[in-house]
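The structure appears right after this line, and notes come after that.
In our numbering, the protein residues as written are 227 to 488.
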């Protein structure tokens, strides 16, 4: 499996103009970039990817090299192709071939922006759905103590504040979630991890056939992990790199960035 790291600068004025033309709300950059790169590159668009706002660029993994990506970009025949080409500019050296083999036992520092959610009972609806891993853990404890079903997130958070010694912290649950993601694949083992930032965001998704909208009721945790991992299985690890970690990998989550340990 050959994987390339792709770097593209992003012109926000052109990207937002395109998004407005196709009725995409730009409050969710992950969705906006996903939609635009798929419109420009189709199935070979970089995925997973991460938006680096401070550098005005995206990094992503793709199965195609820079020459192929340029050819597809330049030959795009959509009516709005020129606007998309201006939104995404590929530098001369825009791709780096990743190692095809990661020997078992090799260690790397890593960074990954994830959406730590699980399929579990929602604190809001009481139904099974994808929801915040930490809220789900606290909700289960709340229900175990006789709490009402489907009481909503504010009640669960209030329960956490009233029982801080009994409830797991967000950091504990999120780090356990990350460890599970690697353990499930068998590709690598997390030696240690830290949370460098977290917040709750609203995400844009397409309701049926309409235009994508930011959904106030559909919020998700966004957590930046850093740490150290050890490769357990070279083939499975290569698949993790190409596939990404966790859910919403098409929308700016799950790109595993590696650096060698000094």
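Glycine residues also receive a C-beta, built at the ideal position from the N, C-alpha and C atoms.
**Message:** Does the segment 371–384 come into contact with the segment 398–406, if we say contact requires no fewer than three beta-carbon pairs (one atom in each stretch) closer than 8 Å?
**Reply:** no
**8 Å Cβ cutoff met for residue 346 and residue 333** = no
**Message:** Please give me, in chain order, every unbroken run of the alpha helix (DSSP H) with length at least 4 that falls completely inside the segment 235–271.
**Reply:** 238–247 and 255–267
**Request:** Examine the Cβ distances between the segment 245–253 and the segment 461–476 and report whether three or more of them are shorter than 8 Å.
**Result:** no
**Item:** Contact set for residue 285: own chain, Cβ-Cβ below 6 Å, skip 5 residues either direction
**Value:** 233 and 276
**Request:** Kindly indicate which residue of 415, 395 and 328 has the alpha-carbon position closest to the one of residue 424.
**Result:** 395
**Item:** Assigned secondary structure, residue 380 (DSSP; H/G/I helix, E/B strand, else coil)
**Value:** helix
**Message:** Do residue 448 and residue 412 count as a contact pair if the criterion is CB distance below 8 Å?
**Reply:** no
**Message:** I need the boundaries of the alpha helix (DSSP H) containing residue 466, first residue and last residue.
**Reply:** 460–469
**Request:** Can you give me the start and stop residues for the beta strand (DSSP E) that residue 337 sits inside?
**Result:** 333–340
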